[in-house]
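K.L.:
Chains as they are written, first to last, in the working numbering: chain E, 45 to 144; chain V, 45 to 144; chain C, 3 to 133; chain W, 3 to 133; chain D, 172 to 301; chain R, 172 to 301.
Sending over a structure as structure tokens; questions will come in a sec.
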Amino acid sequence: MLLHTVNKSPFQHAALGSCLRLSKDGSAILLIEDGVYGALKDTKISADIENAMKTKKVYALEPDIKARGVQDRVLDGITLIDYAGFVDLAAENKAVEAWL
Amino acid sequence: MLLHTVNKSPFQHAALGSCLRLSKDGSAILLIEDGVYGALKDTKISADIENAMKTKKVYALEPDIKARGVQDRVLDGITLIDYAGFVDLAAENKAVEAWL
Amino acid sequence: MSEEMMEEGGGGVIKKFCYINRKAPYGTIYALESLEVVLIGAAFEQDVSVVFADDGIYQLTKGQDTAGIEMKNFSPTYRALEMYDVEKLYVEKESLEERGMTADDLIVPVEVLSSAQLQDLMEDQDVVLSF
Amino acid sequence: MSEEMMEEGGGGVIKKFCYINRKAPYGTIYALESLEVVLIGAAFEQDVSVVFADDGIYQLTKGQDTAGIEMKNFSPTYRALEMYDVEKLYVEKESLEERGMTADDLIVPVEVLSSAQLQDLMEDQDVVLSF
Amino acid sequence: MKFGILVSEGPYTHQAADSAYLFTKAALEKGHEIYRIFFYHDGVNNGTRLTTPPQDERHIVNRWSELAEKHKLDLVVCVAAAQRRGIVDADEAKRNGKDGDNLAPGFRISGLGQLVEAGIQCERLVTFGD
Amino acid sequence: MKFGILVSEGPYTHQAADSAYLFTKAALEKGHEIYRIFFYHDGVNNGTRLTTPPQDERHIVNRWSELAEKHKLDLVVCVAAAQRRGIVDADEAKRNGKDGDNLAPGFRISGLGQLVEAGIQCERLVTFGD
Numbered sequence: 045m046l047l048h049t050v051n052k053s054p055f056q057h058a059a060l061g062s063c064l065r066l067s068k069d070g071s072a073i074l075l076i077e078d079g080v081y082g083a084l085k086d087t088k089i090s091a092d093i094e095n096a097m098k099t100k101k102v103y104a105l106e107p108d109i110k111a112r113g114v115q116d117r118v119l120d121g122i123t124l125i126d127y128a129g130f131v132d133l134a135a136e137n138k139a140v141e142a143w144l
Numbered sequence: 045m046l047l048h049t050v051n052k053s054p055f056q057h058a059a060l061g062s063c064l065r066l067s068k069d070g071s072a073i074l075l076i077e078d079g080v081y082g083a084l085k086d087t088k089i090s091a092d093i094e095n096a097m098k099t100k101k102v103y104a105l106e107p108d109i110k111a112r113g114v115q116d117r118v119l120d121g122i123t124l125i126d127y128a129g130f131v132d133l134a135a136e137n138k139a140v141e142a143w144l
Numbered sequence: 003m004s005e006e007m008m009e010e011g012g013g014g015v016i017k018k019f020c021y022i023n024r025k026a027p028y029g030t031i032y033a034l035e036s037l038e039v040v041l042i043g044a045a046f047e048q049d050v051s052v053v054f055a056d057d058g059i060y061q062l063t064k065g066q067d068t069a070g071i072e073m074k075n076f077s078p079t080y081r082a083l084e085m086y087d088v089e090k091l092y093v094e095k096e097s098l099e100e101r102g103m104t105a106d107d108l109i110v111p112v113e114v115l116s117s118a119q120l121q122d123l124m125e126d127q128d129v130v131l132s133f
Numbered sequence: 003m004s005e006e007m008m009e010e011g012g013g014g015v016i017k018k019f020c021y022i023n024r025k026a027p028y029g030t031i032y033a034l035e036s037l038e039v040v041l042i043g044a045a046f047e048q049d050v051s052v053v054f055a056d057d058g059i060y061q062l063t064k065g066q067d068t069a070g071i072e073m074k075n076f077s078p079t080y081r082a083l084e085m086y087d088v089e090k091l092y093v094e095k096e097s098l099e100e101r102g103m104t105a106d107d108l109i110v111p112v113e114v115l116s117s118a119q120l121q122d123l124m125e126d127q128d129v130v131l132s133f
Numbered sequence: 172m173k174f175g176i177l178v179s180e181g182p183y184t185h186q187a188a189d190s191a192y193l194f195t196k197a198a199l200e201k202g203h204e205i206y207r208i209f210f211y212h213d214g215v216n217n218g219t220r221l222t223t224p225p226q227d228e229r230h231i232v233n234r235w236s237e238l239a240e241k242h243k244l245d246l247v248v249c250v251a252a253a254q255r256r257g258i259v260d261a262d263e264a265k266r267n268g269k270d271g272d273n274l275a276p277g278f279r280i281s282g283l284g285q286l287v288e289a290g291i292q293c294e295r296l297v298t299f300g301d
Numbered sequence: 172m173k174f175g176i177l178v179s180e181g182p183y184t185h186q187a188a189d190s191a192y193l194f195t196k197a198a199l200e201k202g203h204e205i206y207r208i209f210f211y212h213d214g215v216n217n218g219t220r221l222t223t224p225p226q227d228e229r230h231i232v233n234r235w236s237e238l239a240e241k242h243k244l245d246l247v248v249c250v251a252a253a254q255r256r257g258i259v260d261a262d263e264a265k266r267n268g269k270d271g272d273n274l275a276p277g278f279r280i281s282g283l284g285q286l287v288e289a290g291i292q293c294e295r296l297v298t299f300g301d
């Protein structure tokens, strides 16, 4: 499967939406940089990501989460990883697609 | 009144939506650069801009429209202007707010 | 430097300056470089308002810890704005709500305005700088 | 140059390369610089697919006239891709529909794929380059 | 009328620098005054003389330099933004121990105060960015 | 495993350069090979030695140079993208009649083919951009 990375805020950019529409069930999605705002609960896009989590595995980069002070708001079921975990995900998947 | 400029595609960015939400009735909105995709008919955001045109005056920069090959798709009621017209709009309004 | 600038720049004129922050911190540099303009601008003794809307409200989130991305955490600087007499900080209510946040989640005291109130505030400005 | 590169780079391996274009032309340079990669990449004789989705489909709009913005109109170059044996051009149906467009509005013949078909196509790639 | 221009993105990558240039030219043709053009964020990259774009593309940096010479424009590159991005004039290079400089003719490096001052002095401040 | 890295944005303005650096460091620490780091679009601005960021900020350019020296990394700046944006080495400067150069230690300027070749040679190509 592909690893999909999203680095844009879902409130400002359509990148996360495009990634959810064009990634296959079973694939992994990693939220990094401003993309981590997509990992939070009680936002207007939380339902979209919760829905995606039924068929895809969603990760968020913890250093980016902490930098933005949102560590207490992460949705249940999202896996937090560090850069080493990012490297592992890239290695485990067949290729990496960046939703820029 | 303020002149509002929007230079982002409404399909990729939330800038046009923020501008419509936060600009006063009666103000002028000028679509430039990739923002001109917001001036087109038959798109998924056409209704939003038509709705805004009931209370605000919407302009689009014709050189940007032509560059993108969309001159035949512009919504009725949107005024096309050139850079000289942009200068006039900036001069006529009290200040210019760029929705970056 | 600031006195010379005042002489050269101000000339007694006081304008309403509005800085509008709509972008999240760290993903791009606009938030930090916007703050640098506000701090320098304070020396000019204009009538300054700073607005946070859309992702700009994330600039003010409490508990930022940037060690893991090796960047400088500049959020404490917003607390210093008061010392520079930059006291009018506004946050859009709709932007907070969309993000499930309240003013209590922010690092500095702000005035929460509705979109309509913010429209009025911005319409009243002489100079609008967007970041 | 290309022969030396082939020697050095290819080594007989043929990979599935997918270039994904999701940005409009002229507002930013990504569309143009993506096209430059596709052209250079053609010399490596890999199995190349070029995908246009989201605003990327605007790269292929007919009738572009850039004289008024003093930029170079690079859209005719897409027509030249065939000469470089880059023949697999795909456009997402949903992206066309959201913009009120059809394949007839585009400067080159393309294959229109649904989101589901595009998912399969991308999942089948060895290397994905996004612009 | 007295205009100030803020350019917030670098050349070629975003259209902002092009739009700012064409707006400035149109304003000058209409007889307006351009009090200052301030380059901030990646906009400072408009001010390097080391660019060599392809022959068939516009030369954004030279275009600014030529417009500045013709109309005696004040092109100001923000020093703090420039230091982060490697845009330096001879003085800055000496001060920071750099072995070269790259500022293009017609540009000068100065502080952010010049942007605020332009906001005060100009009747309109127009921003081009991303 | 053999990784290639593509950096598409300049330093400081976007986080892409930081993310790419921290990913690269983590991959090296895990014993992976970094075959090449390719700088394209505004990413070429990672390769100028004229930057002087504030003392309390990370020095993105020096950080790349140091990592490259330590791990013998191949840092390649795209020549076409670099020419548009004013990044030149001594050879390029001579060829294009420029009076200076600014490429940082550890970087080299080469063609876009180096990106495609990295895609062929590497088991994974990871892109950091905007």
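Heads up, the beta-carbon is just placed ideally off N, CA and C, and yes, glycines get one too.
When DSSP labels each residue in this structure, what does Gly300 of chain D get in the three-state scheme?
P.N.:
The residue given as residue 300 of chain D occupies position 129 in the fifth sequence. Three-state result, Gly300 of chain D: coil.
K.L.:
Measuring straight from C-alpha to C-alpha, what distance separates Asp106 of chain W and Leu64 of chain V?
P.N.:
On the fourth sequence, position 104 is the one that residue 106 of chain W refers to. On the second sequence, position 20 is the one that residue 64 of chain V refers to. Their Cα atoms are separated by approximately 32 Å.
K.L.:
Mind checking Leu240 of chain R: buried by the 16 CB within 10 Å criterion, or exposed?
P.N.:
Translated into the one-based positions of the sixth sequence, residue 240 of chain R becomes position 69. It should be pointed out that residue 240 of chain R corresponds to Glu in this sequence rather than to Leu. Per the 10 Å Cβ criterion, exposed.
K.L.:
Quick one: using the 10 Å Cβ neighbour count with 16 as the cut-off for buried, is Met3 of chain W buried or exposed?
P.N.:
Here residue 3 of chain W is taken as the residue at index 1 of the fourth sequence, counted from 1. A caution first: Met3 of chain W carries a pLDDT of 39, below 50, which makes its placement in the model unreliable, though a value can still be read off. Exposed, because fewer than 16 other Cβ atoms sit within 10 Å of the Cβ of Met3 of chain W.
K.L.:
Would you say Thr223 of chain R reaches chain D, if we count a Cβ-Cβ gap shorter than 8 Å as a contact?
P.N.:
For the purposes of this step, residue 223 of chain R is taken as the residue at position 52 of the sixth sequence. Yes, contact with chain D.
K.L.:
Can you list, in chain order, the residues of its chain whose CB lies under 8 Å from that of Phe55 of chain V, leaving out five sequence neighbours each side?
P.N.:
The residue given as residue 55 of chain V occupies position 11 in the second sequence. Within the same chain, Phe55 of chain V has close Cβ partners Tyr81, Thr87, Lys88, Ile89.
K.L.:
For Phe19 of chain C, which of helix, strand or coil comes out of DSSP?
P.N.:
In the third sequence, the residue the question calls residue 19 of chain C occupies position 17. Phe19 of chain C falls in the strand class under three-state DSSP.
K.L.:
Hey, how far is the Cα of Val131 of chain E from the Cα of Asp262 of chain R?
P.N.:
In the first sequence, counting from the first residue as 1, residue 131 of chain E sits at position 87. In the sixth sequence, counting from the first residue as 1, residue 262 of chain R sits at position 91. In a straight line, the C-alpha of Val131 of chain E is about 36 Å away from that of Asp262 of chain R.
K.L.:
Using a C-beta to C-beta distance shorter than 9 Å, which residues of chain C count as neighbours of Ser62 of chain E?
P.N.:
The sequence position of residue 62 of chain E within the first sequence is 18, counting from 1. Chain C residues near Ser62 of chain E: none, gap ~18 Å exceeds 9 Å.
K.L.:
Closer than 7 Å, Cβ to Cβ, to anything on chain V: give me those residues from the stretch 38-68 of chain W, in chain order.
P.N.:
Against chain V - using a Cβ distance shorter than 7 Å - the residues of the stretch 38-68 of chain W are Asp56, Asp57, Tyr60, Thr63, Lys64, Gly65, Gln66, Asp67, Thr68.
K.L.:
Output yes if chain V places a C-beta closer than 8 Å to the C-beta of Ala91 of chain E; else output no.
P.N.:
Here residue 91 of chain E is taken as the residue at index 47 of the first sequence, counted from 1. So no, Ala91 of chain E is outside the interface.
K.L.:
For a contact meaning CB atoms closer than 9 Å, what does Ile71 of chain C contact in chain R?
P.N.:
As a first step, residue 71 of chain C is located in the third sequence; it is residue number 69 there, counting from the start. Here the neighbours are Gln186, Asp189, Ser190, Leu193.
K.L.:
I want to verify the contact list: residues of chain A whose CB lies under 8 Å from the CB of Met97 of chain E, in sequence order.
P.N.:
Among the chains of the structure shown, chain A does not appear; the protein chains present are E, V, C, W, D and R.
K.L.:
If you check the beta carbons only, do Ile59 of chain W and Leu91 of chain W fall under 8 Å apart?
P.N.:
Reading the fourth sequence from its first residue, position 57 is the one you call residue 59 of chain W. Reading the fourth sequence from its first residue, position 89 is the one you call residue 91 of chain W. Against a cut-off of 8 Å, the Cβ pair of Leu91 of chain W and Ile59 of chain W comes out as no contact.
K.L.:
Going along chain W in order, which residues have a C-beta closer than 9 Å to the C-beta of Glu228 of chain D?
P.N.:
Position 57 of the fifth sequence holds residue 228 of chain D. Correct list: Met73, Lys74.
K.L.:
So, helix, strand or coil for Asp307 of chain R, using DSSP?
P.N.:
What is shown of chain R runs 172 to 301, which leaves residue 307 of chain R out entirely.
K.L.:
Is it the case that the Cβ atoms of Leu246 of chain D and Arg295 of chain D are separated by a distance below 8 Å?
P.N.:
What you label residue 246 of chain D is simply residue 75 of the fifth sequence in a count that begins at 1. What you label residue 295 of chain D is simply residue 124 of the fifth sequence in a count that begins at 1. No. Outside cutoff.
K.L.:
Mind pulling the chain V residues with CB within less than 9 Å of Val130 of chain C?
P.N.:
Sequence index remark: in the third sequence, residue 130 of chain C carries index 128 (1-based). Ordered by position in chain V, the residues that pass the 9 Å Cβ test against Val130 of chain C are Leu46, Ala139, Val140, Glu141, Ala142.
K.L.:
Identify the continuous alpha helix (DSSP H) that holds Thr49 of chain V and give its terminal residues.
P.N.:
What you label residue 49 of chain V is simply residue 5 of the second sequence in a count that begins at 1. It is not in any alpha helix (DSSP H) - Thr49 of chain V instead sits in the beta strand (DSSP E) that spans 46-50.
K.L.:
Give the single residue among D:Glu228, D:Leu274, D:Ile291, D:Leu221 whose Cα lies nearest to the Cα of Asp49 of chain C.
P.N.:
Here residue 49 of chain C is taken as the residue at index 47 of the third sequence, counted from 1. Answer by Cα proximity: D:Ile291.
K.L.:
Give every residue of the same chain whose Cβ lies closer than 6 Å to the Cβ of Tyr127 of chain V, excluding the five residues on either side of it in the sequence, and list them in chain order.
P.N.:
Taking the second sequence and counting its residues from 1, one reaches residue 127 of chain V at position 83. Answer for Tyr127 of chain V: no residue qualifies.
K.L.:
In or out: Glu10 of chain W buried (at least 16 other Cβ within 10 Å) or exposed?
P.N.:
By one-based count along the fourth sequence, residue 10 of chain W stands at place 8. For Glu10 of chain W, the predicted structure reports a pLDDT of 47, less than 50, and the residue's modelled location is therefore unreliable. A value from the coordinates is still provided. Flag for Glu10 of chain W reads exposed.
K.L.:
CB-CB under 6 Å to Phe133 of chain C, same chain, minus the five flanking residues each way: which ones, in chain order?
P.N.:
Sequence index remark: in the third sequence, residue 133 of chain C carries index 131 (1-based). Excluding residues within five positions, the ones whose Cβ falls inside 6 Å are Asn23, Tyr32, Ser36.
K.L.:
When you compare only the Cα positions, how much space is there between Glu141 of chain V and Lys17 of chain W?
P.N.:
As a first step, residue 141 of chain V is located in the second sequence; it is residue number 97 there, counting from the start. As a first step, residue 17 of chain W is located in the fourth sequence; it is residue number 15 there, counting from the start. Each residue's alpha carbon lies about 48 Å from the other.
K.L.:
If you count every other CB in all the chains shown that lies within 10 Å of the CB of His242 of chain D, and 16 or more means buried, which is it?
P.N.:
For the purposes of this step, residue 242 of chain D is taken as the residue at position 71 of the fifth sequence. Label assigned to His242 of chain D: exposed.
K.L.:
Determine the extent of the beta strand (DSSP E) in which Tyr92 of chain C is found, giving its start and end residues.
P.N.:
The residue given as residue 92 of chain C occupies position 90 in the third sequence. Here the beta strand (DSSP E) through Tyr92 of chain C covers 90-94.
K.L.:
Counting only runs of 3+ residues fully inside the stretch 43-81 of chain C, write out the beta strand (DSSP E) ranges in chain order.
P.N.:
If we require 3 residues or more, the beta strand (DSSP E) runs fully inside the stretch 43-81 of chain C come out as 49-54.
K.L.:
Quick one: what's Tyr103 of chain E bridged to in DSSP?
P.N.:
Here the question's residue 103 of chain E lines up with position 59 in the first sequence. BP columns for Tyr103 of chain E point to E:Leu74, E:Thr123.
K.L.:
In three-state DSSP terms, what is Phe278 of chain R?
P.N.:
As a position in the sixth sequence, residue 278 of chain R is number 107, starting the count at 1. Residue state, collapsed to three classes: strand.
K.L.:
Do we get a CB-CB distance below 8 Å when we pair Val259 of chain R with the residues of chain W?
P.N.:
Here the question's residue 259 of chain R lines up with position 88 in the sixth sequence. Chain W, which has no Cβ nearer than 8 Å to the Cβ of Val259 of chain R, makes this no.
K.L.:
To which residues of the same chain is Ala198 of chain R closer than 7 Å at the C-beta, ignoring the five residues directly before and after it?
P.N.:
Walking along the sixth sequence from the start, residue 198 of chain R turns up at place 27. If we look at Ala198 of chain R and ignore the five residues flanking it on each side, its Cβ neighbours are Phe174, Ile205.
K.L.:
Near Ala96 of chain E, what residues of its chain come up, given a Cβ to Cβ distance below 8 Å and the 5 sequence neighbours on each side ignored?
P.N.:
For the purposes of this step, residue 96 of chain E is taken as residue 52 along the first sequence, with counting starting at 1. Cβ within range, chain order: Leu64, Ile73, Val102.
K.L.:
Compare the C-beta of Thr298 of chain D against all C-beta atoms of chain C and say whether one is closer than 8 Å.
P.N.:
Start at 1 with the first residue of the fifth sequence, and residue 298 of chain D comes out as number 127. Yes, contact with chain C.
K.L.:
If we cut at 8 Å on Cβ distances, does Gln119 of chain C have a partner in chain V?
P.N.:
In the third sequence, counting from the first residue as 1, residue 119 of chain C sits at position 117. Chain V, which has no Cβ nearer than 8 Å to the Cβ of Gln119 of chain C, makes this no.
K.L.:
For Met85 of chain C, does the count of other Cβ atoms within 10 angstroms reach 16, so buried, or fall short, so exposed?
P.N.:
Here residue 85 of chain C refers to the residue found at position 83 of the third sequence. Result: exposed.
K.L.:
Between the C-alpha atoms of Pro225 of chain D and Asp189 of chain D, what's the straight-line distance to the nearest angstrom?
P.N.:
Mapped onto the fifth sequence, residue 225 of chain D falls at position 54. Mapped onto the fifth sequence, residue 189 of chain D falls at position 18. If you take the alpha carbons of Pro225 of chain D and Asp189 of chain D, they lie about 16 Å apart.
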